[in-house]
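Residue 278 in the UniProt record's numbering is what sits at position 278 of the sequence shown, and the numbering runs on without skipping anything.
Just so it is clear, CB atoms sit at the ideal spot from N, CA and C, and this is done for glycine as well.
Step one of this worksheet: look at the structure below.
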Amino acid sequence: MSELYCKAETMELRRKHIGPSCKVFFAKDPIKIVRAQGQYMYDENGEKYLDCINNVAHVGHSHPDVIKAAVKQMELLNTNSRFLHDNLVQYAKRLTATLPEKLSICYFVNSGSEANDLALRLARQYHGHQDVITLDHAYHGHVSSLIDISPYKFNQLGTEGKKEFVHVAPSPDIYRGKYREDHPDPASAYADDVKKIIEEAEKNGRKIAAFIAESMQSCGGQIIPPAGYFQKVAEYVHKAGGIFIADEVQVGFGRVGKHFWGFQLQGKDFVPDIVTMGKPIGNGHPMSCVVTTREIAEAFGASGLEYFNTFGGNPVSCAIGLAVLDVIEKEDLQGNAIQVGNYLTELLNKQQEKHPLIGDVRGIGLFVGVDLVKDQQKRTPATAEAQHIIYKLKEQRILLSADGPHRNILKFKPPMCFTMEDAKLVVDQIDELLTALEEATGARTGNGKSSTSQHKRKMTNEGNSQSDCISESISHINGTACRQNNGLYTDNRAVPCKRIRT
Ligand SMILES: Cc1ncc(COP(=O)(O)O)c(C=O)c1O
Numbered sequence: 001m002s003e004l005y006c007k008a009e010t011m012e013l014r015r016k017h018i019g020p021s022c023k024v025f026f027a028k029d030p031i032k033i034v035r036a037q038g039q040y041m042y043d044e045n046g047e048k049y050l051d052c053i054n055n056v057a058h059v060g061h062s063h064p065d066v067i068k069a070a071v072k073q074m075e076l077l078n079t080n081s082r083f084l085h086d087n088l089v090q091y092a093k094r095l096t097a098t099l100p101e102k103l104s105i106c107y108f109v110n111s112g113s114e115a116n117d118l119a120l121r122l123a124r125q126y127h128g129h130q131d132v133i134t135l136d137h138a139y140h141g142h143v144s145s146l147i148d149i150s151p152y153k154f155n156q157l158g159t160e161g162k163k164e165f166v167h168v169a170p171s172p173d174i175y176r177g178k179y180r181e182d183h184p185d186p187a188s189a190y191a192d193d194v195k196k197i198i199e200e201a202e203k204n205g206r207k208i209a210a211f212i213a214e215s216m217q218s219c220g221g222q223i224i225p226p227a228g229y230f231q232k233v234a235e236y237v238h239k240a241g242g243i244f245i246a247d248e249v250q251v252g253f254g255r256v257g258k259h260f261w262g263f264q265l266q267g268k269d270f271v272p273d274i275v276t277m278g279k280p281i282g283n284g285h286p287m288s289c290v291v292t293t294r295e296i297a298e299a300f301g302a303s304g305l306e307y308f309n310t311f312g313g314n315p316v317s318c319a320i321g322l323a324v325l326d327v328i329e330k331e332d333l334q335g336n337a338i339q340v341g342n343y344l345t346e347l348l349n350k351q352q353e354k355h356p357l358i359g360d361v362r363g364i365g366l367f368v369g370v371d372l373v374k375d376q377q378k379r380t381p382a383t384a385e386a387q388h389i390i391y392k393l394k395e396q397r398i399l400l401s402a403d404g405p406h407r408n409i410l411k412f413k414p415p416m417c418f419t420m421e422d423a424k425l426v427v428d429q430i431d432e433l434l435t436a437l438e439e440a441t442g443a444r445t446g447n448g449k450s451s452t453s454q455h456k457r458k459m460t461n462e463g464n465s466q467s468d469c470i471s472e473s474i475s476h477i478n479g480t481a482c483r484q485n486n487g488l489y490t491d492n493r494a495v496p497c498k499r500i501r502t
């Protein structure tokens, strides 16, 4: 038995010894997971949960090949990268082979935050500039340097939150953003906003070190930038002496199906200067990576400072990273992401025709978002409804999350072994819940889908729609929805008023 304590004792010890800002999912009735396999997690009573949210367990929870690789290497040796070891160079060779040629230099680190922090150092060292352009609602990590460039976090600190060297560009969201699907060229319009930010900053004597963005914004609400946006932004940022950092911590490693990396959705003519990786890279083992060009790496080295990282790139982590790459290939998980992702999106699109609560369905591969709205025309976020759905799904032993600035977007980012049957099961449950909700709230069912979002979407060069990040938000921003009594889930134990992320 993997339980040391009963659930109540575990909760009590957690309250006693773990920092109060470390949150759990479903705070008033948290789930205690004791084992997991593939796309399933099991609680202390043996109850099986379908996992639609854990993109860290990329190739499936407890994958035997990954475990074997880890054990085999741990039995032999684990040490730091100051000793020569073949795993390090072999992994760097395999990983960079998935990227465009100029991205050939790796720095191995231990978390997504460490990767983004190092990326900022590289960018600042490159031309000696300091300022950073980030997207609205972005999250890039928990260390101080990244809270500074994460509006998702610093906005919660009030007006003091944003530092002078940080510039926030609008999120390229064509459903809710400044330029929408009916705009003739949203990519250029959003990129022009970045250009204006650069011009304004320069007028004030500031210099841009970097533009950082997730290749598809996840916490920000499952946003896929319109095709051509990154190319134009990169042009303006380069002209200003800055570099382009693509944060692939959430969305990399084949999740989008057709490509290994999310930024590749923008087209072959776009290559970032730095790519940061994390979460899925080690299938749960804490490791991550920064990949950049030789030129940027040499500029970083020119400072004369050694870069040393005690755990980054150790033989065990590299063995695990290699095993993850092998499994993605061997089990054709990119193919599965295309097939199952398309099926899931298709099922959800059918739901959109039926349910007025669904404003938009966007997805690429196994990165899918369902934007719930109270009003199709106004696109008013249906925050409480989204929370209701995820709590009810939990009762059905399905783990899904809701995120985005309004916490109204149902996010799918399951392990890549997710199946068609899994997709059907979740969508059938969502259908039932939406029907019940619409009946209870008197919303009209069976109306047409939101024509604007469905028919004019032109998200990527593949003409596909979009995706997400990582926070597993289980609640919502203001307390009002907790007290609603309009057919929503009103169990006062069930809807906490703070969100959390993995
Ligand atoms: C897009 C993105 N970048 C970076 C991070 C930070 O990664 P970590 O939590 O491994 O430090 C996260 C974590 O949620 C993330 O979503």
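For residue i, I'd like the list of residues in its chain whose CB is within less than 8 Å of its CB, leaving aside the five on either flank, ordered along the chain.
{"i": "Ser89", "result": "Position check: residue 89 holds Val in this sequence, whereas Ser was assumed. Contacts found: none."}
{"i": "Ile328", "result": "His58, Val59, Phe253, Gly254, Gln334 and Met416"}
{"i": "Ser171", "result": "Leu135, Asp136, His137, Ala138, Gly177, Gln217, Gly220, Gly221 and Ile223"}
{"i": "Asp173", "result": "Gln217, Gly220, Gly221 and Ile223"}
Pull up the DSSP beta-bridge partners for residue i, would you.
{"i": "Thr380", "result": "Asp375"}
{"i": "Val168", "result": "Thr134"}
{"i": "Glu214", "result": "Asp247"}
{"i": "Gln334", "result": "Answer is none; Gln334 lacks a bridge partner."}
{"i": "Val291", "result": "Cys106 and Val275"}
{"i": "His61", "result": "Gly38"}
{"i": "Lys48", "result": "Tyr42"}
{"i": "Ile409", "result": "Asp371 and Asp403"}
{"i": "Gly321", "result": "BP columns for Gly321 are empty, so no partner."}
{"i": "Asp185", "result": "Per DSSP, none; premise fails for Asp185."}
{"i": "Gly363", "result": "Val368"}
{"i": "Ile281", "result": "None; Ile281 has no bridge partner."}
{"i": "Ile390", "result": "According to DSSP, which records beta bridges pairwise, Ile390 is partnered with nothing at all."}
Cα separation between residue i and residue j?
{"i": "Tyr40", "j": "Leu425", "result": "13 Å"}
{"i": "His140", "j": "Pro225", "result": "17 Å"}
{"i": "Ala423", "j": "Gln250", "result": "20 Å"}
{"i": "Val71", "j": "Thr380", "result": "51 Å"}
{"i": "Cys318", "j": "Asp65", "result": "14 Å"}
{"i": "Ala302", "j": "His127", "result": "12 Å"}
{"i": "Ile197", "j": "Asp360", "result": "30 Å"}
{"i": "Gln466", "j": "Gly442", "result": "Any reading at Gln466 must be qualified, since the residue scores a pLDDT of 30, below 50, and its modelled position is unreliable; the value itself is stated next. Using only the alpha carbons, I get a separation of about 30 Å."}
{"i": "Gly341", "j": "Gly242", "result": "35 Å"}
{"i": "Tyr236", "j": "Trp261", "result": "23 Å"}
{"i": "Asp428", "j": "Tyr42", "result": "22 Å"}
{"i": "Asn87", "j": "Asp326", "result": "14 Å"}
Can you check whether the CB of residue j is closer than 8 Å to the CB of residue i?
{"i": "residue 531", "j": "Asn78", "result": "Residue 531 lies beyond the stretch modelled for the chain, which goes from 1 to 502, so this question has no answer here."}
{"i": "Arg397", "j": "Lys48", "result": "yes"}
{"i": "residue 521", "j": "Phe367", "result": "Since the displayed the chain opens at 1 and closes at 502, residue 521 lies outside it and no answer follows."}
{"i": "Ala299", "j": "Pro272", "result": "no"}
{"i": "Thr293", "j": "Ile105", "result": "yes"}
{"i": "Tyr254", "j": "Gly282", "result": "Note that residue 254 is Gly in the sequence shown, not Tyr. The answer is no: Cβ separation not under 8 Å."}
{"i": "Ala386", "j": "Ile409", "result": "yes"}
{"i": "Pro186", "j": "Val168", "result": "no"}
{"i": "Leu433", "j": "Ile389", "result": "yes"}
{"i": "Asp269", "j": "Gln231", "result": "yes"}
{"i": "Val370", "j": "Leu348", "result": "yes"}
{"i": "Asp51", "j": "Leu393", "result": "no"}
Skipping 5 residues on each side, what residues in its chain have a beta carbon closer than 6 Å to that of residue i?
{"i": "Lys153", "result": "Ile147"}
{"i": "Ala115", "result": "Val109, Thr276, Gly278, Ser288 and Val290"}
{"i": "Glu9", "result": "none"}
{"i": "Lys163", "result": "Asp148"}
{"i": "Gly404", "result": "Gly221"}
{"i": "Ser113", "result": "Gly141, His142, Val143 and Leu146"}
Apart from the five residues just before and just after residue i, which ones in its own chain have a Cβ nearer than 7 Å to its Cβ?
{"i": "Glu44", "result": "Glu3, Lys7, Lys32 and Val34"}
{"i": "Arg124", "result": "Gln130 and Ala209"}
{"i": "Gly161", "result": "Phe154 and Asn155"}
{"i": "Asn55", "result": "Gln250, Arg255, Lys279, Pro280, Lys413 and Ile470"}
{"i": "Lys102", "result": "Val271 and Thr293"}
{"i": "Tyr179", "result": "Pro186, Ala189 and Tyr190"}
Let's test the definition: count the other Cβ atoms within 10 Å of the Cβ of residue i and tell me whether it reaches 16, buried, or not, exposed.
{"i": "Phe25", "result": "buried"}
{"i": "Ala97", "result": "exposed"}
{"i": "Ala297", "result": "buried"}
{"i": "Ile67", "result": "exposed"}
{"i": "Val59", "result": "buried"}
{"i": "Asp131", "result": "buried"}
{"i": "Gln156", "result": "exposed"}
{"i": "Thr159", "result": "exposed"}
{"i": "Arg407", "result": "buried"}
{"i": "Gln352", "result": "buried"}
{"i": "Asn485", "result": "Only weak support is given to the placement of Asn485: the predicted model assigns it a pLDDT of 38, under 50, and the question is left unresolved by the model."}
State yes or no: is the beta carbon of residue i nearer than 8 Å to at least one beta carbon in chain D?
{"i": "Lys350", "result": "As a matter of chain content, chain D is missing from the structure shown, which is built from one protein chain."}
Would you say the beta carbon of residue i is closer than 7 Å to some non-hydrogen atom of ligand 2?
{"i": "Gly365", "result": "With respect to ligand 2, the structure shown offers nothing to examine, as its ligands consist of ligand 1."}
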